[in-house]
Amino acid sequence: KGHLYGACQRDLQECRNNKYLREELAHDTLTEKLDELICPSPEIVEWLVNQLEDEYKHSNDAAEEYRKSLEIKLERLSRMDEMLYDDKLAGDITKERYEAKHKSILEQIQTVKDDLSIADSTSAQRHEEAIDLIKLTQTAKDEYLDSDITSEAKRSILTELFESVTLKDNSVSVKYTFFAESVAKRSRKTKEIMEGQNMLNRTDKNNENNRGEINKKDLKNEIYPVWQGH
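If you read the sequence shown in the working numbering, its first letter stands for residue 1, the second for the next number, and so on.
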């Protein structure tokens with residue numbers, strides 16, 4: 001993962017018996033797999049991205065409330081530590097008891113700070129990564145085939161979308177990441193539905209004037225559920 005092509009020194013006999021993998025073969029296989037990610041309906045992808053952005057807005061509101069509760073807890077712990085120090089200065093508690101309670105409060109403060117750090121990044125990062133990956137699945141093929149693309153950019157695309165690229169029996173085997181596999185399955189299903197609908201359009205001669213509008217609605221009803229539960 002993360003490498004475009006490997007280079008074997010062919011020191012072992014079994015390696016010397018194998019032919020070199022032609023770069024064109026790997027290129028063609030990768031291009032085919034990138035093509036399988038593309039949804040035939042850009043409208044569906046736009047809808048999915050909008051769905052994720054809406055989810056992020058709602059989850060972000062909940063995350064903000066959680067973050068505020070952590071900040072309140074952090075302030076309360078800080079005040080407790082200050083009051084504990086005042087008690088120590090006033091001689092109301094022993095040094096040993098102060099140190100034990102002070103240590104406990106500091107540990108709680110650190111835990112809350114860690115939780116705050118996670119709360120500030122997890123929700124936003126998860127949704128942003130999902131949105132970026134969905135967009136990448138739809139543009140990766142064109143980017144990969146761009147004559148001006150750098151090796152680093154090409155490697156980045158493959159790393160994001162493929163778990164592994166391996167050679168077996170002089171053929172290339174490609175494994176998607178879990179996310180990319182999910183997109184590929186949904187894209188294939190969408191193509192099947194749209195191809196079936198196109199066949200119906202060619203054979204159904206009834207209600208000629210209204211057929212296009214009805215079929216478009218039926219198409220959405222069939223395809224949208226395929227992409228729900230991303």
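Positions of the beta carbon are idealized from the N, C-alpha and C atoms, including for glycine.
- [ ] List the DSSP bridge partners of tyrosine 176.
- [x] Locating residue 176 in the sequence shown gives position 176, where the first residue counts as 1. The partner list for tyrosine 176 (beta bridge, DSSP) reads Phe162.
Task: serine 41 (DSSP reduced to helix, strand or coil) - done: What you label residue 41 is simply residue 41 of the sequence shown in a count that begins at 1. DSSP places serine 41 in coil when its eight states are reduced to three.
Open item on the list: Given this structure, state the Cα-to-Cα distance separating serine 41 from valine 172, to the nearest angstrom.
Closed with: The residue given as residue 41 occupies position 41 in the sequence shown. The residue given as residue 172 occupies position 172 in the sequence shown. C-alpha of serine 41 to C-alpha of valine 172: approximately 29 Å in a straight line.
Task: Outcome for lysine 25 when other beta-carbon atoms lying within 10 angstroms are tallied against a minimum of 16 - done: Reading the sequence shown from its first residue, position 25 is the one you call residue 25. The sequence shown places leucine at residue 25, not lysine. Classification of leucine 25: exposed, given that the 10 Å Cβ count is below 16.
- [ ] Look at the Cβ atom of leucine 106, then the Cβ atom of leucine 70, and state whether they are nearer than 9 Å.
- [x] For the purposes of this step, residue 106 is taken as the residue at position 106 of the sequence shown. For the purposes of this step, residue 70 is taken as the residue at position 70 of the sequence shown. Going by C-beta atoms, leucine 106 is not nearer than 9 Å to leucine 70.
Open item on the list: Is the beta carbon of arginine 186 closer than 9 Å to that of tryptophan 227?
Closed with: Within the sequence shown, residue 227 is the residue found at index 227, counting from 1. Within the sequence shown, residue 186 is the residue found at index 186, counting from 1. The answer is yes: Cβ separation under 9 Å.
Open item on the list: Applying the 10 Å Cβ sphere with the 16-neighbour rule, what's the burial state of alanine 153?
Closed with: Counted from its first residue, the sequence shown places residue 153 at position 153. With fewer than 16 other Cβ atoms within 10 Å, it is exposed.
Task: Close Cβ partners of leucine 34 (< 7 Å) along its chain, the five nearest in sequence each way excluded - done: Position 34 of the sequence shown, counted from the start, is the residue given in the question as residue 34. For leucine 34, where only same-chain residues beyond five positions count, the Cβ hits under 7 Å are Ala140, Lys141, Tyr144.
- [ ] List the whole-angstrom C-beta distance separating glutamate 163 from isoleucine 193, where the pair is believed to meet the contact cut-off of C-beta under 8 Å.
- [x] Against the sequence shown, residue 163 aligns to sequence position 163. Against the sequence shown, residue 193 aligns to sequence position 193. At roughly 27 Å, the Cβ-Cβ gap does not stay under 8 Å, so glutamate 163 and isoleucine 193 are not in contact.
Open item on the list: Is it buried or exposed, threonine 94, if we count other Cβ atoms within 10 angstroms and call 16 or more buried?
Closed with: Taking the first residue of the sequence shown as 1, we reach residue 94 at position 94. So threonine 94 ends up on the exposed side.
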